[in-house]
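Add 58 to a position in the sequence shown, counting from 1, and you land on the number used in this note's numbering.
The C-beta atom is built at its ideal place from N, Cα and C for all residues, glycine as well.
Since the model is a prediction, treat every value here as computed from it, not as a measurement.
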Amino acid sequence: MRRYVIVLCAGLLLGSCGMHELGESARDDVHDGIWTGPGMNVGSSDPDRTVCYVTAMDYPDGYDWRADREKGSVKCSLVVYADGIPMMKVPVGEEYQTSPDADMHRIICGHLYTDYSTQEETVIRKDGKEIFRYSGREVICGMLVDGDDVYTLGHPRDNGGFTYRRNGEILLSRPSGKTFSRLYRDGEDICFAFCEQASSLSSPLERYYSVVNGVPEQAALRDDVKKVWDMMYSDGKVHYIASLVGARAPVLFAGESMCVLTLPQGASLLTGRLSVSQGVVCVEGVLSCRNLALASALWKSEELLYTFSPGMTVASWQVEGDGVFCVLNSRSSSQKGVIYRCGEVSDLPQGYVSMGGNTVALADGIMHVGLSSVKGGKPLLWKEGVVDTLDINGYISSVIAEKQRRP
């Protein structure tokens, strides 16, 4: 831990002395307001290279993007960097049907995909250009690309239920219930999970389903399961976190096996999220402590890896192999957030937080974290304790590492 703190301090000193900034180079090509630059070629000649992509929102100099009093009318751009090299700039706003919200864009296979809701439709764009739209206003909670096909998992903005689509065409839909907001691959299979209420004379009964390649199958749960916090299908097994009737600690199930997640004294689980990587199952949970403060905890299988100080909650996390990496924001303005790297903890730079839920990535074993200023300063990209400044007026919305780019 001491090494990370020392390196971080050194990085901050370098930053104050005019360290190399990830600024914008001369424009190479502009079409329909979409600018593309030399970052478009990063990784194209080496399929084994891991590329780190950073997306950020860039506002005019001097504009207070934190208050964002002119949202929707102020000039704003969604910018993308590939390994620190400017790659793309897409105009944001109603006119361009591109949102500034951090959860409405993502990098997939080296391309920028966005979703946008009009008054009647949902519009999906790739690299700033529309690829399809469909009737209905949806919150896209999951997106996956397979060749020329784009799969989406969406929740209606005005009602319950969900819809699973391919290129806008419905593959599976439910008028009620909810998904676990995750669309992912298990090998060659495309998967997600959901729950829905069944009618019961005594009390509401929730049934849980895993969906593999569009086919739902009800999960066989024990009779004493009171609530399922998260569920996913991986390695041919259904994994889920559940609270049981009469038990204080939650239980992690993986197929037929189970283990109890140890809780700190006096704490109870408020939320729980799963991650399965190379057969290693990890859990991130938010706890309610005796003084009603919220705090995050991490488990690897049944082992409690770390309980963070009250007021610290995970903003973004990644699991790679048997390592857990995450960034936590503090709910107190007087307390710094922290970065957790496989048991090592270091403070965030003063006045910086993680914005959005996808700001941590591992590129060839190097941890990258996107940090944004609460005071309106320029955002930072943290790399193993050294920070680079992103030369924009705005915030980092996501950091993604991909092994290769696809056409």
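Taking contact to mean 3 or more Cβ pairs, one atom from each stretch, closer than 8 Å, check whether the segment 171-181 and the segment 425-444 are in contact. The answer is no - the segment 425-444 does not touch the segment 171-181, with fewer than three Cβ pairs under 8 Å.
Endpoints, beta strand (DSSP E) assigned at K184: Your numbering for residue 184 matches position 126 in the sequence shown. Element bounds for K184: 179-184.
Which residue comes first and which comes last in the beta strand (DSSP E) that contains M162? As a first step, residue 162 must be located in the sequence shown, where it is residue number 104. First-last for M162: undefined, no H or E at that position.
As assigned by DSSP and simplified to three states, the class of P96: In the sequence shown, residue 96 corresponds to position 38, counting from 1. Looking at P96 - three-state DSSP - the assignment turns out to be helix.
Report the partner residues of A251 according to the DSSP bridge assignment. On the sequence shown, position 193 is the one that residue 251 refers to. Beta-bridge pairing links A251 to S268.
Is Y121 helix, strand or coil when you go by DSSP? Residue 121 sits at position 63 when you count from the first residue of the sequence shown. Three-state result, Y121: coil.
Between which two residues does the beta strand (DSSP E) carrying V283 extend? As a first step, residue 283 is located in the sequence shown; it is residue number 225 there, counting from the start. Unbroken beta strand (DSSP E) run through V283: 283-292.
By Cβ distance, which residues of its chain are closer than 7 Å to K133, with the 5 residues on each side in sequence left out? Within the sequence shown, residue 133 is the residue found at index 75, counting from 1. Contacts found: P118.
Can you tell which of M289, D204, E246 has its C-alpha closest to the C-alpha of R240? For the purposes of this step, residue 240 is taken as residue 182 along the sequence shown, with counting starting at 1. With distances taken between Cα atoms, R240 lies closest to M289.
Kindly indicate which residue of A419, L345, F366 has the alpha-carbon position closest to the one of W375. Counting from one through the sequence shown, the residue named residue 375 turns up at place 317. Of the listed residues, the one whose Cα sits closest to W375 is A419.
Hey, could you find the ends of the beta strand (DSSP E) P407 is sitting in? If you number the sequence shown from 1, residue 407 lands on position 349. It is not in any beta strand (DSSP E) - P407 carries neither H nor E in the DSSP assignment.
Mind reading off the beta-carbon distance from C340 to V382? Whole number of angstroms is fine, and I expect it under 8 Å. Here the question's residue 340 lines up with position 282 in the sequence shown. Here the question's residue 382 lines up with position 324 in the sequence shown. Correct: roughly 6 Å between the Cβ atoms.
With 16 other CB atoms within 10 Å as the buried threshold, where does Q155 fall? Here residue 155 refers to the residue found at position 97 when the sequence shown is read from its first residue. Buried, since its Cβ has 16 or more Cβ neighbours within 10 Å.
Looking at G428 and S456, is the spacing between their C-beta atoms short of 8 Å? The count along the sequence shown starts at 1 and reaches residue 456 at position 398. The count along the sequence shown starts at 1 and reaches residue 428 at position 370. The answer is yes: Cβ separation under 8 Å.
Using the C-alpha atoms, what's the distance from S346 back to D106? Your numbering for residue 106 matches position 48 in the sequence shown. Your numbering for residue 346 matches position 288 in the sequence shown. Going from the Cα of D106 to the Cα of S346 covers about 43 Å.
Which stretch, first to last residue, makes up the beta strand (DSSP E) that contains T371? Start at 1 with the first residue of the sequence shown, and residue 371 comes out as number 313. Boundaries of the beta strand (DSSP E) harbouring T371: 370-378, taken from the DSSP string.
Does the distance from the C-beta atom of C249 to that of K236 stay below 8 Å? As a first step, residue 249 must be located in the sequence shown, where it is residue number 191. As a first step, residue 236 must be located in the sequence shown, where it is residue number 178. No, the Cβ-Cβ distance between C249 and K236 is not below 8 Å.
Tell me, to the nearest whole angstrom, how far the beta carbon of A114 is from that of I458; I am working on the premise that it is less than 8 Å. By 1-based counting over the sequence shown, the position of residue 114 is 56. By 1-based counting over the sequence shown, the position of residue 458 is 400. Incorrect: roughly 12 Å between the Cβ atoms, too far for contact.
Looking at S131: is its Cβ nearer than 8 Å to the Cβ of P149? Taking the first residue of the sequence shown as position 1, residue 131 is located at position 73. Taking the first residue of the sequence shown as position 1, residue 149 is located at position 91. Contact: no.
Mind checking whether M370 and L386 have CB atoms under 8 Å apart? On the sequence shown, position 312 is the one that residue 370 refers to. On the sequence shown, position 328 is the one that residue 386 refers to. Cβ distance < 8 Å, so M370 and L386 count as in contact.
State the Cα-Cα distance for the pair V286 and P96, rounded to the nearest angstrom. On the sequence shown, residue 286 is found 228 positions in, with the first residue counted as 1. On the sequence shown, residue 96 is found 38 positions in, with the first residue counted as 1. Straight-line Cα distance between these residues: approximately 46 Å.
State the CB to CB distance for the pair Y266 and L279, rounded to an integer number of angstroms; the pair is presumed to be in contact (CB under 8 Å). Within the sequence shown, the letter at position 208 stands for residue 266. Within the sequence shown, the letter at position 221 stands for residue 279. Sure, about 6 Å apart at Cβ, within 8 Å.
Whole-Å CB distance - T108 paired with K358, under 8 Å assumed: For the purposes of this step, residue 108 is taken as the residue at position 50 of the sequence shown. For the purposes of this step, residue 358 is taken as the residue at position 300 of the sequence shown. With a Cβ gap of about 24 Å, T108 and K358 do not count as contacting.
CA-CA distance, I92 and D116? One-based indexing of the sequence shown puts residue 92 at position 34. One-based indexing of the sequence shown puts residue 116 at position 58. In a straight line, the C-alpha of I92 is about 14 Å away from that of D116.
According to DSSP, what are the bridge partners of T172? To locate residue 172, count along the sequence shown from 1; it is residue 114. T172 is bridged to H163, R183.
Put E153 into one of helix, strand or coil per three-state DSSP. On the sequence shown, position 95 is the one that residue 153 refers to. Note: E153 maps to helix in three-state DSSP.
Sequence-distant residues of its chain with Cβ nearer than 6 Å to L406 (five each side left out): The count along the sequence shown starts at 1 and reaches residue 406 at position 348. Closer than 6 Å at Cβ, skipping near neighbours: K394, G395.
Taking its Cβ as the centre, do 16 or more other Cβ atoms sit within 10 Å of N217, making it buried, or is it exposed? Start at 1 with the first residue of the sequence shown, and residue 217 comes out as number 159. Exposed is the call here.
Among G142, P368, G168, A125, which one has its Cα closest to the Cα of D104? The residue labelled residue 104 in the question sits at position 46 within the sequence shown. Nearest of G142, P368, G168, A125 to D104, Cα basis: G168.
When you compare only the Cα positions, how much space is there between D422 and Q255? Numbered from its first residue, the sequence shown carries residue 422 at position 364. Numbered from its first residue, the sequence shown carries residue 255 at position 197. Take the alpha-carbon of D422 and the one of Q255: they are about 43 Å apart.
Anyone know if the C-beta pair for I228 and V208 falls short of 8 Å? Here the question's residue 228 lines up with position 170 in the sequence shown. Here the question's residue 208 lines up with position 150 in the sequence shown. Contact: no.
Out of H213, S175, A307, E360, state which residue places its alpha-carbon closest to the alpha-carbon of S315. What you label residue 315 is simply residue 257 of the sequence shown in a count that begins at 1. The shortest C-alpha separation from S315 is found at E360.
For I299, which of helix, strand or coil comes out of DSSP? As a first step, residue 299 must be located in the sequence shown, where it is residue number 241. Three-state DSSP puts I299 in a strand.
Buried or exposed for D446, please, with buried defined as at least 16 other CB atoms from any protein chain shown within 10 angstroms of its CB. Taking the sequence shown and counting its residues from 1, one reaches residue 446 at position 388. So D446 ends up on the buried side.
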